[in-house]
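First residue of the sequence shown? That's 2 in our numbering, and the numbers climb one at a time after it.
Positions of the beta carbon are idealized from the N, C-alpha and C atoms, including for glycine.
Note that the structure is predicted; figures quoted are calculated from it, not measured.
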Amino acid sequence: MAKGIQSGKAAKTVFFCTACGNEQPRWFGHCTACGEWNTAAEAPPGGRTAPAAPASRGRARWVPAGGAARPVGPQPLADVEMSSTERSATGIREFDRVLGGGIVPGSLLLVGGDPGIGKSTLLLQLAMGLAADGRKVLYVSGEESEQQIRLRASRLGQVPQSLLLLCETDLETLLEAAAGVQPDALIIDSIQTMSRGDLDGGPGTVTQVRECGLALLHYAKASRTAVFLVGHVTKDGAVAGPRVLEHMVDAVLYLEGERYQHFRVLRAAKNRFGSTNELGVFEMLESGLREVSNPSAAFLSDGSRSEPGVAVVASLEGSRPMLVEVQALVSTSFYGTPQRVTSGFDQRRLAVLLAVLERRVGLKLGKHDVFITVTGGFKLDDPGTDLGVALAIASSFKSRPMLERTIALGEVSLSGELRRVPRLETRLREAAQLGFVRAGFPRTQAGDVENIGLEAVAISTVREAFDLLLGEKIAPPTPRDAEPRP
Ligand code: TYD
Ligand code: MG
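Following this line, the structure appears as structure tokens:
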């Protein structure tokens with residue numbers, strides 16, 4: 002860094018990256034934060050976020066009435082009041098689960114997702130749920146007309162009186178309205194359509210999104226209102242506009258779909274009030290998003306079928322076990338380098354499993370292509386699913402289907418032995434509930450599970466799993482089956 006450039010007059014100008022919002026005291030050709038080139042832009046003097054800058058007009062207004070009484074200097078952490086942690090349920094259980102148990106007053110949440118995925122639908126349902134529960138909700142839309150939203154709401158159910166609607170894109174006006182209404186929850190759909198008149202640039206620019214986000218952050222904290230921001234997501238997965246929005250909010254939730262067809266998965270990428278492991282699963286219907294309280298059942302294909310190459314695993318998603326089907330296809334390779342193609346499973350993890358299968362079990366997979374697909378579009382990160390994947394591969398290779406209604410759990414070590422699986426009992430109970438009759442799991446855990454309603458098969462090594470969990474060889478697949486499933 003060049004010395005002296007930050008001192009004196011030069012320090013007044015700030016440059017920021019239009020891709021990610023990263024601030025630098027001087028112009029830059031290459032953003033060190035996000036790696037983009039030629040994205041530097043000069044920040045307007047009024048739009049500075051540096052703490053030394055005087056509070057701008059819009060921001061100063063949203064300090065709470067009793068704000069002056071707040072201690073200015075450091076204070077003992079132990080003396081800080083804790084009353085603010087009580088949560089209120091949203092009425093949508095899957096939403097509460099992702100939030101970590103409900104909305105915290107004064108929190109700022111960002112709900113991101115691709116256009117058309119159902120963000121507006123989800124938040125309108127949330128608004129209607131909260132309002133039906135007696136809370137005052139202000140839904141601000143910058144994207145749709147009153148009529149459009151009314152029409153959608155009528156499809157979603159009864160429209161409560163305490164749900165207020167404002168179609169507005171000017172931030173000052175909407176904050177004014179919010180101050181008058183004093184809602185318990187404020188929903189902004191979307192942050193990219195809001196703008197402050199005193200700033201240059203149209204809605205959706207980095208400066209506008211950042212400053213509007215900041216003003217809403219101050220409003221949320223000062224008025225102790227829960228504020229939900231809808232944000233559109235760009236192709237590479239970032240919330241469009243500055244990533245700085247992700248830093249300032251308390252939680253970033255993503256609504257994902259497409260891969261799940263009519264299923265929608267809500268997951269937290271950041272959560273100051275809870276874990277980021279929990280998933281909420283919804284189904285998009287004619288009447289809006291419906292909670293799927295038993296996703297395992299929804300994601301499994303009919304289950305009774307046992308074909309070579311198919312195994313069911315129980316993956317732990319947060320606190321919830323999720324049963325997912327893994328499909329493997331092993332076929333003779335016609336190229337010099339055999340292909341290893343996975344969807345929903347880590348490629349390097351597959352390489353490890355293949356090496357273990359080759360060395361510890363003696364399966365000669367070196368001249369075979371291996372394809373792995375996880376159904377439902379899930380990504381398996383849980384090492385407890387290793388054994389299931391290994392069995393699917395061996396099953397396809399040997400044309401020996403898994404025993405019917407059998408589930409396999411265990412982490413596979415390099416020596417081919419099975420390691421313990423956390424929360425085994427929870428997973429097995431889920432499997433039993435869905436009609437599975439037999440479960441293979443690490444022998445070391447044999448004492449942990451009793452009366453689970455499944456035939457328990459304790460297993461020490463991967464090799465043993467093959468002997469105990471795979472059925473008889475069946476006729477080799479017809480050429481039609483030899484193509485990888487997408
Ligand atoms: P929307 O909530 O407008 O998406 P976003 O705000 O993320 O852009 O959802 C739009 C899609 O959802 C649209 O393709 C239609 C579908 N949809 C339903 O299938 N059922 C419904 O009840 C509603 C309201 C929308
Ligand atoms: Mg929308």
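Report whether the distance from the Cβ of SER121 to the nearest heavy atom of the ligand MG is below 7 Å. Taking the sequence shown and counting its residues from 1, one reaches residue 121 at position 120. Indeed, a heavy atom of the ligand MG lies less than 7 Å from the Cβ.
*What is the residue span of the alpha helix (DSSP H) that SER414 lies within?*
On the sequence shown, residue 414 is found 413 positions in, with the first residue counted as 1. Per DSSP, SER414 belongs to no alpha helix (DSSP H) and is neither H nor E.
**Asked** Would you say the beta carbon of ILE118 comes nearer than 7 Å to a heavy atom of the ligand TYD?
**Response** The count along the sequence shown starts at 1 and reaches residue 118 at position 117. Yes, Cβ of ILE118 sits closer than 7 Å to a heavy atom of the ligand TYD.
In whole angstroms, what is the alpha-carbon distance linking ARG136 and VAL15? Indexing the sequence shown from 1 puts residue 136 at position 135. Indexing the sequence shown from 1 puts residue 15 at position 14. When rounded, the distance between both Cα atoms is 42 Å.
Margin query: So the candidates are ILE118, LEU358, GLY36 and ALA132; which of them puts its Cα closest to the Cα of GLY289?
Written below: Your numbering for residue 289 matches position 288 in the sequence shown. That would be ILE118, whose Cα lies nearest to the Cα of GLY289.
Based on the DSSP secondary-structure assignment, which residues constitute the bridge partners of ASP171?
Taking the sequence shown and counting its residues from 1, one reaches residue 171 at position 170. Partner(s): SER196.
Count Cβ pairs between the segment 193-200 and the segment 146-156 that sit closer than 8 Å; are there 3 or more? Too few Cβ pairs lie closer than 8 Å, so no.
Review point. Roughly how many whole angstroms lie between the Cα atoms of PRO26 and GLY113?
Key: Against the sequence shown, residue 26 aligns to sequence position 25. Against the sequence shown, residue 113 aligns to sequence position 112. Taken atom to atom, the span from the alpha-carbon of PRO26 to that of GLY113 is near 30 Å.
Practice prompt. State buried or exposed for LYS120, treating a residue as buried only when at least 16 other CB atoms are found within 10 Å of its CB.
Written response: Position 119 of the sequence shown, counted from the first residue, corresponds to residue 120. By the neighbour-count rule (16 or more Cβ atoms within 10 Å), LYS120 is buried.
field: SER155 classed as buried or exposed, judged by whether at least 16 other C-beta atoms fall within 10 angstroms
entry: Stepping through the sequence shown from its first residue, residue 155 is reached at position 154. SER155 comes out exposed.
Hey, is the segment 280-295 in contact with the segment 445-455, meaning 3+ C-beta pairs nearer than 8 Å? no
Practice prompt. Pick helix, strand or coil for TYR140, following the three-state DSSP scheme.
Written response: Walking along the sequence shown from the start, residue 140 turns up at place 139. Of the three classes helix, strand and coil, the one that applies to TYR140 here is strand, per DSSP.
Open item on the list: Please report the straight-line C-alpha distance between GLY130 and ALA329, rounded to a whole angstrom.
Closed with: Reading the sequence shown from its first residue, position 129 is the one you call residue 130. Reading the sequence shown from its first residue, position 328 is the one you call residue 329. Going by the C-alpha atoms only, they are around 43 Å apart.
**Prompt:** Which whole-angstrom value is the C-beta distance of PHE283 and ALA252, which I expect to be below 8 Å?
**Reply:** In the sequence shown, the residue the question calls residue 283 occupies position 282. In the sequence shown, the residue the question calls residue 252 occupies position 251. That pair is no contact at about 18 Å.
Practice item. Grab me the residues of LEU164's own chain with a C-beta within less than 7 Å of its C-beta, minus the 5 sequence neighbours each way, in chain order. Key: The residue given as residue 164 occupies position 163 in the sequence shown. Same-chain partners within the cutoff: ALA128, MET129, ALA132, VAL138 and TYR140.
Margin query: I want to check one thing, is the minimum distance from the CB of GLU169 to the heavy atoms of the ligand COA below 7 Å?
Written below: This structure lacks the ligand COA; the ligands present are the ligand TYD and the ligand MG.
Would you mind reading off the limits of the alpha helix (DSSP H) that contains ALA128? On the sequence shown, residue 128 is found 127 positions in, with the first residue counted as 1. Element bounds for ALA128: 120-133.
Could you check what DSSP says for ASP449 in three-state terms: helix, strand or coil? The residue you call residue 449 lines up with position 448 of the sequence shown. In the structure shown, ASP449 sits in coil (DSSP, three-state: anything other than H, G, I, E or B).
Handout entry: Cross-strand partners of HIS31 (DSSP beta bridge)
Key = As a position in the sequence shown, residue 31 is number 30, starting the count at 1. DSSP output for HIS31 lists TRP38 as bridge partner(s).
Please classify ASN39: is it buried, with 16 or more other beta-carbons within 10 angstroms of its beta-carbon, or exposed? Along the sequence shown, read from residue 1 onward, the residue named residue 39 stands at position 38. The residue is exposed, with fewer than 16 neighbouring Cβ atoms inside 10 Å.
Residues near ARG98 by beta carbon distance below 7 Å, same chain, minus five either side:
As a working mapping, residue 98 is identified with position 97 in the sequence shown. Leaving aside the five residues that flank ARG98 on each side, the residues in its chain whose CB is nearer than 7 Å to its CB run, in chain order, GLU279 and GLY281.
Closest by C-alpha distance to PRO116, when choosing among VAL231, ALA42, THR91 and CYS21: Mapped onto the sequence shown, residue 116 falls at position 115. Among VAL231, ALA42, THR91 and CYS21, the Cα nearest to that of PRO116 is on VAL231.
Beta-carbon within less than 6 Å of ASP370's beta-carbon, same chain only, minus the 5 sequence neighbours each way: which residues are those? For the purposes of this step, residue 370 is identified with residue 369 of the sequence shown, where counting begins at 1. Answer for ASP370: SER332, SER334, PRO339 and GLN340, listed in chain order.
Practice item. Compute the distance between the beta-carbons of VAL463 and VAL390, then report whether it is under 8 Å. Key: As a working note, residue 463 is residue 462 in the sequence shown. As a working note, residue 390 is residue 389 in the sequence shown. For VAL463 and VAL390, no; Cβs fall outside 8 Å.
For TYR220, report the span of its alpha helix (DSSP H) as first-last. Taking the sequence shown and counting its residues from 1, one reaches residue 220 at position 219. Run containing TYR220: 207-224, per the alpha helix (DSSP H) assignment.
Q: Give every residue of the same chain whose Cβ lies closer than 6 Å to the Cβ of GLY205, excluding the five residues on either side of it in the sequence, and list them in chain order.
A: Position 204 of the sequence shown holds residue 205. The answer, listed in chain order, is GLN193.
- Taking buried to mean at least 16 other C-beta atoms within 10 Å of its own C-beta, is THR427 buried or exposed? What you label residue 427 is simply residue 426 of the sequence shown in a count that begins at 1. It is exposed - the Cβ of THR427 has fewer than 16 other Cβ atoms within 10 Å.
What is the rounded straight-line gap between the Cα of GLN446 and the Cα of ASP468? Within the sequence shown, numbered from 1, the residue matching residue 446 stands at position 445. Within the sequence shown, numbered from 1, the residue matching residue 468 stands at position 467. Taking the straight line from one Cα to the other gives about 19 Å.
Report yes if the C-beta of ARG136 is less than 7 Å from at least one heavy atom of the ligand TYD; otherwise report no. The residue labelled residue 136 in the question sits at position 135 within the sequence shown. Checking the Cβ of ARG136 against the ligand TYD gives no.
Self-check item: Reference GLN348; option with closest CA among VAL325, GLU326 and THR374
Solution: As a first step, residue 348 is located in the sequence shown; it is residue number 347 there, counting from the start. The shortest Cα separation from GLN348 among VAL325, GLU326 and THR374 belongs to THR374.
Note to self: Rounded to whole angstroms, what is the Cα-Cα separation between MET249 and THR170?
What the structure shows: Working through the sequence shown from its first residue, we reach residue 249 at position 248. Working through the sequence shown from its first residue, we reach residue 170 at position 169. Straight-line spacing of the CA atoms in MET249 and THR170 works out to 21 Å.
### Task
Rank ARG225, VAL266 and GLU37 by C-alpha distance to the C-alpha of PHE96 and give the top, closest one.
Translated into the one-based positions of the sequence shown, residue 96 becomes position 95. Of ARG225, VAL266 and GLU37, the residue nearest in Cα terms is VAL266.
- request: Keeping to the same chain, check which residues put their C-beta closer than 6 Å to that of ALA178; ignore five residues upstream and five downstream.
  value: Translated into positions along the sequence shown, residue 178 becomes position 177. Here the set comprises LEU167.
For the structure I just gave you, are there three or more beta carbon pairs, one from the segment 355-369 and one from the segment 310-319, closer than 8 Å?
no
Item to complete: Return yes when at least one heavy atom of the ligand TYD lies under 7 Å from the C-beta of MET403, else no.
Response: In the sequence shown, the residue the question calls residue 403 occupies position 402. False, no ligand heavy atom lies under 7 Å from that Cβ.
Review point. Residues bridged to LYS271 by DSSP?
Key: In the sequence shown, the residue the question calls residue 271 occupies position 270. Partner(s): VAL253.
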